[in-house]
Each structure stands twice: as C-alpha cells, then as structure tokens.
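Numbers given in our numbering equal positions in the sequence shown, counted from 1, plus 58.
Think of the CB as a built atom: it goes at the ideal place given N, C-alpha and C, for glycine as much as any other residue.
Below you'll find the structure, written out as structure tokens, and then a few comments.
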Amino acid sequence: MLKNILNLKGVVQLNREQQKSINGGGTYSCFCGFVGGEWEDFKVLVEADSVGDALNSMNCGGLGATCEGVGFH
Numbered sequence: 059m060l061k062n063i064l065n066l067k068g069v070v071q072l073n074r075e076q077q078k079s080i081n082g083g084g085t086y087s088c089f090c091g092f093v094g095g096e097w098e099d100f101k102v103l104v105e106a107d108s109v110g111d112a113l114n115s116m117n118c119g120g121l122g123a124t125c126e127g128v129g130f131h
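The following block contains the structure:
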C-alpha cells in the first residue's frame, strides 16, 4: 500500500539532501483550556515550528491549551 501512495501522480519523493533543507512551521489556532471549555471561543493565531511549540507559547495560567493547524509553510 505505501508504495502505491508514493507512486501517485504529483507526489514527489525527496532525497536525503533535499530533506535536509526542509523548513517547517505553520499557523495554529489555539485557545486556553480544552474542547468544550469556556475559553474555546477565544482563539488566537500562533506562528510556530510545530504544534508543540504553539502549545508551549500559550500563557494560560495552568489551564492547558488546545491548538490545531490551520496552514503550513
């Protein structure tokens, strides 16, 4: 199955040198607390290298944070 996915039209397989130059990151929609909580409607956009970095950048005073990716570069 994996081989079939990699052979789809438009899929580009990167070699090791190409993989070394990948710059990641993206935009995440984050809020303090958890899904269904009172702060869910107060979302902020966070630019970060990973969802972990986005979560760590939230200052929620011990409430925890929830983030989802909305765009990647």
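In the DSSP assignment, find the unbroken beta strand (DSSP E) run with residue i in it and report its ends.
{"i": "Ser-79", "result": "Taken as a continuous stretch (DSSP letters only), Ser-79 belongs to no beta strand (DSSP E), as it is neither H nor E."}
{"i": "Glu-105", "result": "102 to 106"}
For residue i, does the three-state DSSP call read helix, strand or coil?
{"i": "Gly-66", "result": "According to the sequence shown, residue 66 is Leu rather than Gly. Coil."}
{"i": "Val-93", "result": "coil"}
{"i": "Leu-72", "result": "coil"}
{"i": "Cys-88", "result": "strand"}
Alpha helix (DSSP H) containing residue i: first to last residue?
{"i": "Gly-129", "result": "Where Gly-129 is concerned, there is no enclosing alpha helix (DSSP H), although the beta strand (DSSP E) it sits in stretches over 123 to 130."}
{"i": "Asp-111", "result": "109 to 115"}
Answer with buried or exposed for residue i, where buried requires no fewer than 16 other C-beta atoms within 10 angstroms of its C-beta.
{"i": "Phe-89", "result": "buried"}
{"i": "Val-128", "result": "exposed"}
{"i": "Val-104", "result": "buried"}
{"i": "Met-59", "result": "Note that Met-59 scores 49 on pLDDT, short of 50, meaning its location in the model is unreliable and no value can be drawn from it."}
Could you round the C-beta distance between residue i and residue j to whole angstroms and report it? I think they count as a contact, below 8 Å.
{"i": "Gly-91", "j": "Gly-122", "result": "6 Å"}
Taking residue i as the reference, which of the options has the closest Cα?
{"i": "Ala-106", "options": "Asp-99, Glu-96 and Phe-130", "result": "Phe-130"}
{"i": "Phe-100", "options": "Gly-110, Ser-87, Asp-111 and Val-109", "result": "Ser-87"}
{"i": "Cys-111", "options": "Glu-98, Gly-84 and Glu-96", "result": "Just to set this straight, residue 111 is Asp in the shown sequence, not Cys. With distances taken between Cα atoms, Asp-111 lies closest to Gly-84."}
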